[in-house]
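Residue numbers (the working numbering): -16 to 81.
All C-beta atoms, glycine included, are put in the ideal place defined by N, C-alpha and C.
For reference, the structure discussed in these notes is given below.
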(Lines of atoms letter the chains of each structure in order from A and count residues from 1; the text may use other names and numbers.)
(Lines give C-alpha, C1' and ligand atoms only; values in the text may rest on other atoms or scores of the structure.)
Protein backbone atom coordinates (compact mmCIF):
# COMPACT_ATOMS: atom_id res chain seq x y z
CA UNK A 1 0.00 0.00 0.00
CA UNK A 2 1.59 3.32 -1.06
CA UNK A 3 1.88 6.15 1.43
CA UNK A 4 3.20 9.00 -0.69
CA UNK A 5 0.56 11.24 -2.34
CA UNK A 6 1.65 10.35 -5.88
CA UNK A 7 1.52 6.62 -5.12
CA UNK A 8 -1.91 6.92 -3.49
CA UNK A 9 -3.24 8.86 -6.52
CA UNK A 10 -1.80 6.30 -8.96
CA UNK A 11 -3.28 3.38 -6.99
CA UNK A 12 -6.68 5.07 -6.92
CA UNK A 13 -6.57 5.74 -10.69
CA UNK A 14 -5.62 2.13 -11.51
CA UNK A 15 -8.18 0.85 -9.02
CA UNK A 16 -10.93 2.57 -11.01
CA UNK A 17 -9.62 1.06 -14.27
CA UNK A 18 -8.94 -2.45 -12.96
CA UNK A 19 -11.75 -4.11 -14.99
CA UNK A 20 -10.39 -2.69 -18.25
CA UNK A 21 -6.68 -2.56 -17.51
CA UNK A 22 -5.82 -5.89 -19.18
CA UNK A 23 -8.75 -6.10 -21.57
CA UNK A 24 -6.33 -6.38 -24.51
CA UNK A 25 -5.37 -9.86 -23.22
CA UNK A 26 -8.96 -11.07 -23.56
CA UNK A 27 -9.88 -9.36 -26.85
CA UNK A 28 -7.38 -9.64 -29.72
CA UNK A 29 -9.05 -6.70 -31.54
CA UNK A 30 -7.83 -4.29 -28.84
CA UNK A 31 -4.20 -3.22 -29.35
CA UNK A 32 -1.96 -3.38 -26.26
CA UNK A 33 -0.43 0.05 -27.00
CA UNK A 34 -1.57 3.51 -28.00
CA UNK A 35 0.77 3.39 -31.00
CA UNK A 36 -2.02 4.19 -33.49
CA UNK A 37 -2.80 7.38 -31.59
CA UNK A 38 0.86 8.34 -31.56
CA UNK A 39 1.12 7.68 -35.29
CA UNK A 40 -1.95 9.84 -35.90
CA UNK A 41 -0.33 12.91 -34.31
CA UNK A 42 3.14 12.28 -35.74
CA UNK A 43 2.61 14.52 -38.79
CA UNK A 44 1.39 17.32 -36.53
CA UNK A 45 4.65 17.14 -34.58
CA UNK A 46 7.04 16.72 -37.53
CA UNK A 47 5.56 19.38 -39.85
CA UNK A 48 6.24 22.40 -37.59
CA UNK A 49 9.80 21.18 -36.94
CA UNK A 50 10.58 20.83 -40.64
CA UNK A 51 8.95 24.12 -41.66
CA UNK A 52 10.19 26.10 -38.64
CA UNK A 53 6.68 26.33 -37.17
CA UNK A 54 3.53 27.99 -38.45
CA UNK A 55 3.40 31.64 -39.49
CA UNK A 56 -0.10 32.26 -38.17
CA UNK A 57 -2.49 30.84 -35.62
CA UNK A 58 -5.15 30.21 -38.25
CA UNK A 59 -2.64 28.20 -40.30
CA UNK A 60 -1.82 26.09 -37.26
CA UNK A 61 -5.52 25.57 -36.52
CA UNK A 62 -6.35 24.73 -40.15
CA UNK A 63 -3.51 22.19 -40.33
CA UNK A 64 -4.74 20.53 -37.10
CA UNK A 65 -8.33 20.41 -38.36
CA UNK A 66 -7.37 18.91 -41.74
CA UNK A 67 -5.08 16.32 -40.13
CA UNK A 68 -7.86 15.36 -37.74
CA UNK A 69 -10.32 14.84 -40.59
CA UNK A 70 -7.82 12.92 -42.72
CA UNK A 71 -6.76 10.66 -39.83
CA UNK A 72 -10.38 9.98 -38.85
CA UNK A 73 -11.19 9.11 -42.45
CA UNK A 74 -8.13 6.87 -42.74
CA UNK A 75 -9.30 4.86 -39.73
CA UNK A 76 -12.63 4.41 -41.49
CA UNK A 77 -10.99 3.27 -44.74
CA UNK A 78 -11.41 6.54 -46.68
CA UNK A 79 -8.89 8.42 -48.78
CA UNK A 80 -7.89 11.93 -47.70
CA UNK A 81 -10.09 13.41 -50.44
CA UNK A 82 -13.10 11.29 -49.44
CA UNK A 83 -12.63 12.18 -45.76
CA UNK A 84 -12.50 15.92 -46.44
CA UNK A 85 -15.44 15.66 -48.84
CA UNK A 86 -17.51 13.77 -46.27
CA UNK A 87 -16.54 16.14 -43.44
CA UNK A 88 -17.76 19.10 -45.48
CA UNK A 89 -20.92 17.33 -46.66
CA UNK A 90 -24.29 18.55 -45.41
CA UNK A 91 -25.65 14.99 -45.71
CA UNK A 92 -23.67 13.50 -42.86
CA UNK A 93 -20.25 14.23 -41.50
CA UNK A 94 -17.53 11.96 -40.17
CA UNK A 95 -18.11 13.69 -36.87
CA UNK A 96 -21.88 13.29 -36.59
CA UNK A 97 -23.06 10.50 -34.29
CA UNK A 98 -24.22 7.31 -35.98
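Residue span of the alpha helix (DSSP H) that contains residue i, given as start and end
i, result
"residue 13", "Residue 13 -> no alpha helix (DSSP H), and no H or E assigned at all."
"residue 73", "It is not in any alpha helix (DSSP H) - residue 73 carries neither H nor E in the DSSP assignment."
Where residue i falls: helix, strand or coil (DSSP)
i, result
"residue 4", "coil"
"residue -2", "helix"
"residue -16", "coil"
"residue 39", "coil"
"residue -10", "helix"
"residue 60", "coil"
Option in the options with minimal Cα separation from residue i
i, options, result
"residue 5", "15, -4, 56", "15"
"residue 26", "3, -5, 51, 10", "51"
"residue 62", "73, 49, 74", "49"
Residue i vs residue j beta-carbon contact at 8 Å
i, j, result
"residue 69", "residue 56", "yes"
"residue 54", "residue 23", "yes"
"residue -6", "residue -12", "no"
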